[in-house]
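Working notes, beginning with the structure itself.
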C-alpha cells in the first residue's frame, strides 16, 4: 500500500491499529408540527444537554491541557447562549410549524454560510466553525444520537479523522491514543497546538487518509517526517520500533537538561522561557526547565470571568506567578482582547476585520479605567518577583509614549498612597505590527526590551491569514523578508543596549532556532513542552557558525525553501560533530 504524507504537527513516532473517528448519521425528516411549544421545549432540553456536554469537555481540557487551550470552549458556550441564533430557531418553529431539527439546521446553515462567505474576515470565518460544532451537538441531542467520544477509546490506537474539533482533541487520552492523523489542518490549527501540549504525535493535512485506510489497519505514524505507512512489513515495523527507542532515549537525554543553563557549544548564553495563560501553567513551565516566563497572556483572567476582574483578583494572580518564579523574569503582556478574543461583558463594535481593528493596547488606551486597574494590580505585585511589562499591538511611538506615560502616572499614584512598588520594572512592547518592526531603531531608544510576536508579524507582513488553508502556503517563518525584519529588530535593540525576546510559535521551531540564535536573539519563549528539545539543540550549535548561517540565509537565499535546506544542512553537520 502507498505511503501517505502530511504536515508534521507534533513530534513523535507510533505504531498501532487505525481507529476511524467517523461522523454520526445526523439525517432527519422535515415534519410539520402542530404543537409549537412542545417542539420549543425539546429544543430547550437539547440546548441544556449540549451546554452540559461542552462544560464537561471544557473541564477535561483545562485539567489535561491547561486553561489557555480550554478557552476555545467558552466561544462554544457563547454560541449556545446567543439569542440571535436560538430566538431565530424558535421563531421558525412557531411561525413556520417546523420541527426543531429542521429549524435548527436552517438557521445554523444560514449563519455558517454568511460567516464563511466573509473571506476577508478570518475572525468571522472562525465563528462559522464554532456554530457548526455547536449546532451538530444540539442536533445530535435532538435526535438522541451520541456523538463520537474519544474518551471511550480503551486500547492503543492511531485516531484518524477528517478533522479533529477542539472538543475531540481535548478528550484524547494519551495512554491509549498513540497518535492522530487528519485529512485537513495545519501546524497552527487548534488540534495541532493541543497535540503538542498533550505530547501526542500528530500529522495533519494528508487530504484523504480516512478514505484509504480501513478501521483496524496497522499504521506507522512518523510525525518527525510527516509520513504514514499503512500495513507495514515486519521489517518496517522493526525499523520503526528501533526509531521509537531512539526517540525515547533522546527525550530521556533532554530530561537531563531541566536544570542546565542554555548555552551554545562555544559558551554563548541565551534564555529559554515558557508562554503561560494562567498561574496554574507555571508548574508545567518549571518542570520542563523554563528559565523565565516569556509571555503571560493576561487576557485569560478576563475571559474566565463573568465581569471585569477586580484589582485584587488580578493582583493575586500576578503575585502567585511572580512568587512561583522566584527571581526568574516574568514578562506580562497587558490585556490583548479583540480579534478572536471576545468578552461577553465588554461591548466591542462589529468590525469588518477585528484583527486589524479595535483591540489590545487600542482598547486599553481608550478605556483607561480598565487599564488603570490592570496596571495598579501589576505594580502592586511587582515587589514579589522579577516583573517586566509589555504592551501588545503597538504600531506607533505615540502609542507607546502614551501607554508608558500612563504607567508612570499610575505608579506615582500608588506611591502617593504609600504602596510599595518595585523600581526595576522593565517596560517593553510586542513587535507584531510591521510598522513597529521597520521603526525598531527608533523604538529601541525608548523601550526597555522587545518581544517579537511572530504569529501576527508573519501574517501581517505576508498579508495572509495563517488559519486560511487557501493562503497557508504564505505563512513562511523562514522567508528572507521575515528574517530581515527580525534581524533589524534585534540589531536595533542591541545598538541601544536593550534585549529582544520572541514569544511567537517561531521561537520553538527547530528550523528557526539556529537562525534566531545566529541573528542574536536573547530570549526564546515557547510552549513548555518545547523547552528541553530547544535547549538540547542550542547546546550542539556554535554561535559563530549560526551567525554565518543567518547572514547567508538573509543575504543569499531568495525563498523560504532555500533557507530551510540551508538550516537542515547546518544542523546535520552540527549533529555529526556532536556524535
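In this note's numbering, the protein residues as written are 15 to 593. Just so it is clear, CB atoms sit at the ideal spot from N, CA and C, and this is done for glycine as well.
Do residue i and residue j have their C-beta atoms closer together than 9 Å?
| i | j | result |
| --- | --- | --- |
| residue 328 | residue 392 | yes |
| residue 581 | residue 494 | no |
| residue 553 | residue 271 | yes |
| residue 29 | residue 255 | yes |
| residue 470 | residue 518 | yes |
| residue 468 | residue 500 | yes |
| residue 514 | residue 535 | yes |
| residue 23 | residue 174 | no |
| residue 404 | residue 430 | no |
| residue 81 | residue 314 | yes |
| residue 551 | residue 585 | yes |
| residue 596 | residue 541 | The structure shown does not extend to residue 596, since the chain is modelled only from 15 through 593, so no value can be given for it. |
| residue 310 | residue 340 | no |
| residue 94 | residue 64 | yes |
| residue 308 | residue 516 | yes |
| residue 417 | residue 379 | yes |
| residue 69 | residue 118 | no |
| residue 444 | residue 497 | no |
With residue i and residue j assumed to form a contact (beta carbons below 8 Å), what rounded beta-carbon distance in angstroms separates them?
| i | j | result |
| --- | --- | --- |
| residue 330 | residue 406 | So it is not a contact: roughly 22 Å between Cβ atoms. |
| residue 337 | residue 398 | 5 Å |
| residue 333 | residue 395 | 5 Å |
| residue 219 | residue 199 | 5 Å |
| residue 235 | residue 296 | Rounded, the Cβ-Cβ distance is 32 Å, inconsistent with contact. |
| residue 190 | residue 167 | 5 Å |
| residue 545 | residue 214 | With 8 Å as the limit, residue 545 and residue 214 do not qualify as a contact, their Cβ atoms being about 18 Å apart. |
| residue 237 | residue 216 | 6 Å |
| residue 152 | residue 60 | 5 Å |
Taking its Cβ as the centre, do 16 or more other Cβ atoms sit within 10 Å of residue i, making it buried, or is it exposed?
| i | result |
| --- | --- |
| residue 208 | buried |
| residue 38 | exposed |
| residue 589 | exposed |
| residue 359 | exposed |
| residue 239 | exposed |
| residue 410 | exposed |
| residue 136 | With a pLDDT of 47 at residue 136, under the threshold of 50, the predicted position of this residue should be treated as unreliable, though the coordinate-derived value follows. Flag for residue 136 reads buried. |
| residue 48 | exposed |
| residue 320 | exposed |
| residue 591 | exposed |
| residue 473 | buried |
| residue 18 | buried |
| residue 575 | exposed |
| residue 425 | buried |
| residue 415 | exposed |
| residue 264 | exposed |
| residue 274 | exposed |
In this structure, does DSSP put residue i in helix, strand or coil?
| i | result |
| --- | --- |
| residue 236 | strand |
| residue 309 | strand |
| residue 38 | coil |
| residue 287 | strand |
| residue 444 | strand |
| residue 30 | strand |
| residue 514 | strand |
| residue 162 | coil |
| residue 192 | strand |
| residue 352 | strand |
| residue 402 | strand |
| residue 221 | coil |
| residue 209 | helix |
| residue 293 | helix |
| residue 550 | helix |
| residue 100 | helix |
| residue 20 | coil |
| residue 178 | coil |
| residue 543 | helix |
| residue 304 | coil |
| residue 112 | strand |
| residue 216 | strand |
| residue 198 | coil |
| residue 556 | coil |
| residue 145 | helix |
| residue 324 | coil |
| residue 408 | coil |
Is there a Cβ of chain C sitting closer than 9 Å to that of residue i, yes or no?
| i | result |
| --- | --- |
| residue 256 | Any reference to chain C falls outside this structure, which holds one protein chain only. |
What ranges does the beta strand (DSSP E) occupy inside the stretch 247 to 290, keeping only unbroken runs of at least 3 residues that lie completely in it?
Runs of the beta strand (DSSP E) lying entirely within the stretch 247 to 290 and spanning at least 3 residues, in chain order: 285 to 290.
Every unbroken beta strand (DSSP E) within the stretch 463 to 536, with a cutoff of 3 residues, ordered by chain
Segments of the beta strand (DSSP E) lying fully in the stretch 463 to 536: 463 to 466, 513 to 516.
Suppose only complete runs of 4+ residues qualify. What are the alpha helix (DSSP H) ranges in the stretch 374 to 401, listed by chain order?
Runs found: 375 to 380, 382 to 395.
Go through the stretch 55 to 83 residue by residue and report every complete run of the alpha helix (DSSP H) that reaches 4 residues or more, in order.
Complete alpha helix (DSSP H) runs here, min 4: none at all.
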